[in-house]
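Let me begin by presenting the structure, written as C-alpha cells, before commenting on it.
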Amino acid sequence: MYPAWSGMQANSSSSIQAAPPAAIGRYRLLTRIASGGMGAVYLAETDWVPGSPPKRVALKVLHAHHGDDEEITSRFVDEGRVAGRIVHPNVVQVLDAGRTDEYVYMALEYVHGDTLAGLLRACAARGTPFPLGIVVAIATEFLEGLHAAHGATDESGTSIGLVHRDVSPQNILIGVDGRAYVTDFGVAKVKDRIRATRSGSMIGKTGYMAPEQVAGGVVSAKTDLYAAGIVLWECLAGAKLFDGLEAQIQAAVTRNPPPSVRTRRPEVPEALDALVAELLQHAPDRRPPSAHVVSERVAATGPRASREELAAWVSELFARGPRTGGRHPFGHDVCARRATIG
322 MYPAWSGMQA NSSSSIQAAP PAAIGRYRLL TRIASGGMGA VYLAETDWVP
372 GSPPKRVALK VLHAHHGDDE EITSRFVDEG RVAGRIVHPN VVQVLDAGRT
422 DEYVYMALEY VHGDTLAGLL RACAARGTPF PLGIVVAIAT EFLEGLHAAH
472 GATDESGTSI GLVHRDVSPQ NILIGVDGRA YVTDFGVAKV KDRIRATRSG
522 SMIGKTGYMA PEQVAGGVVS AKTDLYAAGI VLWECLAGAK LFDGLEAQIQ
572 AAVTRNPPPS VRTRRPEVPE ALDALVAELL QHAPDRRPPS AHVVSERVAA
622 TGPRASREEL AAWVSELFAR GPRTGGRHPF GHDVCARRAT IG
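One point on numbering: in the working numbering, the residue at position 145 of the sequence shown is 466, and numbering is uninterrupted.
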C-alpha cells in the first residue's frame, strides 16, 4: 500500500468521490473495496483477451486531486515498478499501470480471500488458535514470496536490493485457493530508488518493526525476517506480540527480549519456538540467512496442511459473512474482507 493509505477503511464513504466513474481506462468498476484519504481500491474487470471472459482485477486508484502532486504520483509509480520486478506464485502480481486525464491507477492480481490479519481476528473472536499445520502452510508460502522479493533483479539481472519494510498480517493475503501471498510494496526500499524516504520519517507498522528500523538504522532483508518472526509468533500465540502506545512498543522492541511463544501455547514444537526466537534476535547478523532458509526450517518442524486443507479452512472462516463490530487483538484491517491489495 502507498504509505499514506494506512488509514484506508473498508467501503468507507469518506474521502472518496460520491459518484465514482463507471470505468477508468479499460477497467470497468464493479464495486469499491476500500477507500481512504489518498485513494481507493476497486474490484474491476476488463476484456483482457478479446473473445475471452472478462478478467477481474483489484484496481488501485489515486484520488483525482492527487494526480498533479509529483511526489505522490512518483511514489505510486515507484510501487508499481518495484512490485512488477517480482514474479512468483506467492506474491500479488502487478498486471498493469497507467493514467487517464483524471486518474493514476494500478491493476493487480485479484485474490479472493482475506488478509492474514482478518483471519487472526476471526480466530480471536472464536477463541480458537490457528491449527499448527495451517501456520506451517501459511508461513512457508509467504516466506517463499518474501524470498522472491529479496531476490528481485533489474533488467540486467542485477539485484535491486529490495527490502519490503512493512511485512505484517495486513500485507499477507490468504486466498480461498489455499495459497498465501505477499503484497503491498508501497514503502519498499531498493538500492537505486529515485525518491528517498523523507528524513526522520518512520516506515512500517510500529508493532512489526525490527530494532534497527525503530532506531532509524540501516535496513536489510534481515529486517523483514524480524517482522516475519513477529507474524509467526502471533499466528502461533493468537495474540499481539507488541501492543500498546507507539512509544511503549518501541521501547519493548529495543529493550526487552520477546517471550517464548510456548509461554502462550505449550504445544508449539520446540524447534519452531527456537526458530521464532532466532528471527527475533536484536542483532540482524544473528537472524537466519534468508527467508528461503526460514521457510525450509518451518516446514521441517511438523506436518503442513495441504493446499486443499488450507483452502477449506479459509473458506470456512470466510463464509461466516461480514465481521461484526467490537475490538479484537488484531484491531482493524486496512482493507475489506474481499480486498486483494493492501
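Cβ coordinates follow ideal geometry from the N, Cα and C atoms, glycine included.
Residue i versus residue j - alpha carbon distance
| i | j | result |
| --- | --- | --- |
| ILE515 | GLN414 | At ILE515 the pLDDT is 41, less than 50, meaning the model places this residue with poor confidence and gives no usable figure here. |
| ALA536 | PHE506 | 22 angstroms |
| PRO410 | GLY499 | 12 angstroms |
| ARG406 | ALA542 | 16 angstroms |
| PRO375 | TYR348 | 10 angstroms |
| ASP435 | VAL635 | 8 angstroms |
| ALA621 | ILE459 | 14 angstroms |
| THR394 | ALA501 | 29 angstroms |
| GLU462 | ALA343 | 36 angstroms |
| ALA572 | GLY565 | 11 angstroms |
| TYR529 | SER356 | 23 angstroms |
| GLY439 | VAL457 | 18 angstroms |
Close Cβ partners of residue i (< 7 angstroms) along its chain, the five nearest in sequence each way excluded
| i | result |
| --- | --- |
| SER520 | Model confidence at SER520 stands at a pLDDT of 43, short of 50, so the residue's coordinates are unreliable and nothing is read from them. |
| TYR547 | ALA531, LEU600, LEU601, ARG608 |
| ALA473 | ARG406, ILE407, ILE481, LEU483 |
| VAL700 | In the structure as shown, the chain begins at 322 and stops at 663. Residue 700 is therefore absent and cannot be evaluated. |
| THR421 | ILE345, GLY346 |
| LYS512 | ILE481, GLY482 |
Cβ neighbours of residue i in the same chain (closer than 6 angstroms, five flanking residues each side left out)
| i | result |
| --- | --- |
| VAL615 | LEU464, PRO609 |
| GLY401 | VAL415, ALA418, MET427 |
| ILE551 | TYR529, LEU562 |
Contacts around residue i, its chain only, beta-carbon distance under 8 angstroms, and the 5 residues preceding and following it disregarded
| i | result |
| --- | --- |
| HIS613 | LEU464, GLU465, HIS468 |
| VAL629 | Reading the sequence as shown, one finds Glu at residue 629 and not Val. If we look at GLU629 and ignore the five residues flanking it on each side, its Cβ neighbours are GLY499. |
| PRO341 | LEU350, ARG353, ALA361, TYR363 |
| PRO450 | CYS444, LEU557, ALA558, GLY559, ARG586 |
| TRP369 | PRO375, LYS376 |
Candidates the options: closest to residue i by CA position
| i | options | result |
| --- | --- | --- |
| CYS556 | ILE455, GLY538, THR479 | ILE455 |
| THR352 | GLY346, ILE345, GLY360, ALA365 | ALA365 |
| LEU638 | THR527, TYR502, GLY448, ASP487 | GLY448 |
| GLU392 | MET359, GLU630, THR504, HIS433 | MET359 |
| SER611 | ALA443, HIS471, ALA343 | HIS471 |
C-beta atoms of residue i and residue j nearer than 9 angstroms
| i | j | result |
| --- | --- | --- |
| GLY388 | GLU430 | no |
| VAL597 | VAL574 | no |
| ILE345 | LEU437 | no |
| VAL263 | VAL398 | Any property of residue 263 remains undetermined from this structure, which presents the chain solely from 322 to 663. |
| LEU383 | VAL589 | no |
| PHE619 | LEU562 | Correcting the residue identity first, residue 619 is Val in this sequence and not Phe. Their beta carbons are not under 9 angstroms apart, which means VAL619 does not touch LEU562 by this criterion. |
| ALA560 | VAL488 | no |
| VAL412 | ALA509 | no |
| ARG585 | GLY525 | no |
| THR544 | PRO605 | yes |
Residue i, buried or exposed, once every other Cβ within 10 Å from all chains shown has been counted against 16
| i | result |
| --- | --- |
| GLN266 | The chain is shown from 322 up to 663; residue 266 falls before or after that span and cannot be answered. |
| GLU567 | exposed |
| PRO490 | buried |
| HIS386 | exposed |
| ASP594 | buried |
| ARG576 | exposed |
| LYS381 | buried |
| PRO371 | exposed |
| ALA626 | buried |
| GLU533 | buried |
| VAL539 | exposed |
| PRO579 | buried |
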